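Each residue of the sequence shown is one higher than the one before, counting from 528 in our numbering.
What follows is one structure encoded as structure tokens, with my remarks underneath.
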Amino acid sequence: MARIDYCDPAGASDRTREILGKNRNANIFRMMSHSPSYFEQYCRLGGAIRNKGELDPIVRELAITRTGILCEAPYEVVAHKRIGKGVGVTDEQNAALEDWKSATCFNELQRAALAFTDEIVGLRRPTDATFNAIAAKLTPAALIELQLSVGFYIMTSKFLETFGIDMQPATEVV
């Protein structure tokens, strides 16, 4: 159960209601819209992460979902497993993300990205070996996008857990 009430869209500005509508009034966004200016900028950066970069969307979604797993944020995991399926993540890959190291369904790039994600979340920064392994496989732009994706979803996961955002059916979660 949410720790504070969700923002009532009826009392929000036209711009905030517009952004909420584009995001199907998902609980995370209804909570975040208590601060309209932060909410708008959060959505802008989230949109860029998900739609504007050169990072392979499968790699991005694997890293985001793994971040949610490591941050113990089920809302994030459910949402991004669904989003991942939409960009080509397989059911086998989604199922294997809890214990990806022993799975055989990830290619070298995906494994390097998952190791990078694990170390960013767990160690706060990747070791030189892990950084060099992923840097050898990505352009500088894609490497930056991967790191910013993981960082953004650490923040998102912590937001979800701090405020106790209620789960919604997977078809409703953005």
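From the three backbone atoms N, C-alpha and C, an ideal C-beta is built for every residue, glycine too.
None of these values were measured; they are calculated from a predicted model.
Residue burial classification, residue i (beta-carbon count within 10 angstroms, cutoff 16)
{"i": "residue 668", "result": "exposed"}
{"i": "residue 645", "result": "buried"}
{"i": "residue 650", "result": "exposed"}
{"i": "residue 676", "result": "buried"}
{"i": "residue 684", "result": "buried"}
Three-state secondary structure (DSSP) of residue i
{"i": "residue 558", "result": "helix"}
{"i": "residue 602", "result": "helix"}
{"i": "residue 653", "result": "coil"}
{"i": "residue 617", "result": "coil"}
{"i": "residue 670", "result": "helix"}
Spatial neighbours of residue i in its chain, beta-carbon cut-off 8 Å, leaving aside the 5 residues before and after
{"i": "residue 633", "result": "589, 620, 623, 627, 641"}
Neighbourhood of residue i by C-beta distance below 6 Å, restricted to the same chain and skipping five residues each side
{"i": "residue 664", "result": "636, 639"}
{"i": "residue 701", "result": "Low per-residue confidence applies at residue 701: pLDDT is 46, beneath 50, and the placement is therefore not dependable, though the value from the model is reported in the following sentence. If we look at residue 701 and ignore the five residues flanking it on each side, its Cβ neighbours are 550, 551, 553."}
Proximity of residue i and residue j at Cβ, strictly below 8 Å
{"i": "residue 687", "j": "residue 643", "result": "no"}
{"i": "residue 680", "j": "residue 613", "result": "no"}
{"i": "residue 572", "j": "residue 560", "result": "no"}
{"i": "residue 693", "j": "residue 553", "result": "no"}
{"i": "residue 591", "j": "residue 615", "result": "no"}
{"i": "residue 670", "j": "residue 660", "result": "no"}
Residue i beta carbon near the ligand PLP (any heavy atom closer than 7 Å)
{"i": "residue 640", "result": "Among the components modelled here there is no ligand, and therefore nothing to report on the ligand PLP."}
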